[in-house]
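Notes to accompany the following structure.
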Amino acid sequence: MTQTVRGVIARTKDAAVELVDIVIPDPGPHDVIVTIQACGVCHTDLTYRDGGINDEFPFLLGHEAAGIVETIGDAVTHVSVGDFVVLNWRAVCGECRACKRGRPWYCFDTHNASKKMTLTDGTELTPALGIGSFADKTVVHEKQCTQVDPTADPAVVGLLGCGVMAGLGAAVNTGNVGRGDSVAVIGCGGVGDAAIAGAALAGASVIIAIDRDDTKLAWAKELGATHTINASHTAPIDAVKELTGGHGADVVIDAVGRPETWKQAFYSRDLAGTVVLVGVPTPNMRVEMPLLDFFSHGGSLKSSWYGDCLPERDFPTLVELYIQGRLPLEKFVTERIDLGDVEKAFDRMHAGEVLRSVVVL
Numbered sequence: 001m002t003q004t005v006r007g008v009i010a011r012t013k014d015a016a017v018e019l020v021d022i023v024i025p026d027p028g029p030h031d032v033i034v035t036i037q038a039c040g041v042c043h044t045d046l047t048y049r050d051g052g053i054n055d056e057f058p059f060l061l062g063h064e065a066a067g068i069v070e071t072i073g074d075a076v077t078h079v080s081v082g083d084f085v086v087l088n089w090r091a092v093c094g095e096c097r098a099c100k101r102g103r104p105w106y107c108f109d110t111h112n113a114s115k116k117m118t119l120t121d122g123t124e125l126t127p128a129l130g131i132g133s134f135a136d137k138t139v140v141h142e143k144q145c146t147q148v149d150p151t152a153d154p155a156v157v158g159l160l161g162c163g164v165m166a167g168l169g170a171a172v173n174t175g176n177v178g179r180g181d182s183v184a185v186i187g188c189g190g191v192g193d194a195a196i197a198g199a200a201l202a203g204a205s206v207i208i209a210i211d212r213d214d215t216k217l218a219w220a221k222e223l224g225a226t227h228t229i230n231a232s233h234t235a236p237i238d239a240v241k242e243l244t245g246g247h248g249a250d251v252v253i254d255a256v257g258r259p260e261t262w263k264q265a266f267y268s269r270d271l272a273g274t275v276v277l278v279g280v281p282t283p284n285m286r287v288e289m290p291l292l293d294f295f296s297h298g299g300s301l302k303s304s305w306y307g308d309c310l311p312e313r314d315f316p317t318l319v320e321l322y323i324q325g326r327l328p329l330e331k332f333v334t335e336r337i338d339l340g341d342v343e344k345a346f347d348r349m350h351a352g353e354v355l356r357s358v359v360v361l
């Protein structure tokens, strides 16, 4: 039997979001209905609202979520009713060329629910990143659910569903930060600060936070940065080299995703160092540089998709580290808000006032 619940939608491009009734269908064979307990407000949701992803309006927003499995389809084996899960948008297929080559974190054909959620008039909704969790309940594929320790705070661990995992993974998985490494992170919002926390977790000895906002730099210090650079009045490349014996950092992570920040990352690294791009550029951005510089600097230039994570491998481990007090995920939660406050949360995020607002249901 279908259910009618509340959900936050973006009906048209650039319009304020709306809290409306939505219809949850009966699950398909491999689908799962999850009762949402908490969902983070991510910049990707704002990008959906503004038409920056595609034009498949109306969108059901929200994707950084944790909750309880309520109902399962007839063929579901991955989770059970009552399981506490973090939702993910990399539900690996096991059959594509990446999966078959043993690289499932690059899966090219991830699973989504077979049934569509709708408005009460039957209009189909496009769920953000295949999840759509600014709602009392949502329907997802069973492999979009990762079971974790049920004693964890949903408002905290749900953030692994996107931004925090993207940053942590950019350092630990993509950048392969190790003990004693020097790391610089450009951009200290939620993703950048998660990269800083990941570098600290991996044992980096020098962790340099770079931003133009002193408040964000203070957050970075709380999450493990050993040094900070305010790029509004200090040249980042020179400052990074000064803090690393004149050489540059072993790993530089660009959490902004602009041509100028990527160039800063490139020239801030040591010879044979690694650049990781995790900030998402827009389609019109271009980089023009001497090809000789690429050759002479050596090293690795990487992009990081979702922190190159494998949810079934990474989420339970990171949640356990959080519970043990070894990974301060709780510091990412700036405020807890109601479902009707998402538009105000977008304003606060755009103003740089929060790391994460989290909707608690």
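Counted from 1, the sequence shown has number 178 at position 178 by UniProt numbering; the numbering is strictly sequential. Heads up, the beta-carbon is just placed ideally off N, CA and C, and yes, glycines get one too.
Sequence-distant residues of its chain with Cβ nearer than 6 Å to residue i (five each side left out)
i      : result
Gly203 : Arg179
Gly358 : Position check: residue 358 holds Val in this sequence, whereas Gly was assumed. These residues qualify, in order along the chain: Ala38, Gly40, Ala155, Val333, Arg336.
Asn173 : Gly307, Asp308
Val8   : Val17, Leu19, Leu61, Phe134, Val342
Asp254 : Ile186, Thr261, Trp262, Ala265, Leu277, Gly279
Same chain only: Cβ atoms within 7 Å of residue i, ignoring 5 sequence neighbours per side
i      : result
Lys216 : Cys188, Gly189, Gly352
Cys99  : Val92, Cys93, Cys107
Leu160 : Val86, Phe315, Leu318
Ala249 : Ser182, Val183, Ala184, Ile208, Val240, Ser268, Arg269, Asp270, Gly273
Val69  : Val32, Val34, Val79, Ser80, Val81, Gly82, Asp83, Val85, Cys145
Glu312 : Thr146
Residues sharing a beta bridge with residue i, DSSP
i      : result
Ile186 : Ile210, Asp254
Thr138 : Val34
Ser133 : BP columns for Ser133 are empty, so no partner.
Thr118 : Val23, Glu124
Leu217 : Note: Leu217 sits in no beta bridge, so no partner.
Supposed contact pair residue j and residue i - C-beta distance, whole angstroms, cut 8 Å
i      : j      : result
Lys115 : Pro58  : So it is not a contact: roughly 17 Å between Cβ atoms.
Ile36  : Gly67  : 4 Å
Ile186 : Ala135 : At roughly 34 Å, the Cβ-Cβ gap does not stay under 8 Å, so Ile186 and Ala135 are not in contact.
Val17  : Ala10  : 5 Å
Val85  : Val148 : 7 Å
Cys42  : Glu64  : 5 Å
Asp193 : Ala170 : Wrong, their Cβ atoms sit about 12 Å apart, outside the cutoff.
Gly175 : Val256 : The Cβ separation is near 16 Å, so there is no contact.
Close beta carbons around residue i, own chain, < 8 Å, minus the five adjacent residues each side
i      : result
Arg212 : Asn230, Ala231, Ser232
Met1   : Asp26
Thr12  : Phe57, Pro58
Leu355 : Gly189, Gly190, Asp193, Trp219, Lys331, Phe332, Val333, Thr334
Collapsed DSSP secondary structure at residue i in the structure displayed
i      : result
Ser300 : strand
Gly73  : coil
Asp270 : strand
Ile53  : coil
His43  : helix
Cys107 : coil
Arg286 : coil
Asn173 : helix
Val92  : coil
Gln147 : strand
Glu353 : coil
Exposure label - residue i; buried when at least 16 CB within 10 Å
i      : result
Val287 : exposed
Gln324 : exposed
Gly298 : exposed
Gln126 : In the sequence as presented, Gln is not what sits at residue 126; that position holds Thr. With 16 or more other Cβ atoms within 10 Å, it is buried.
Thr151 : exposed
Glu142 : buried
Ala272 : exposed
Pro104 : buried
Leu292 : exposed
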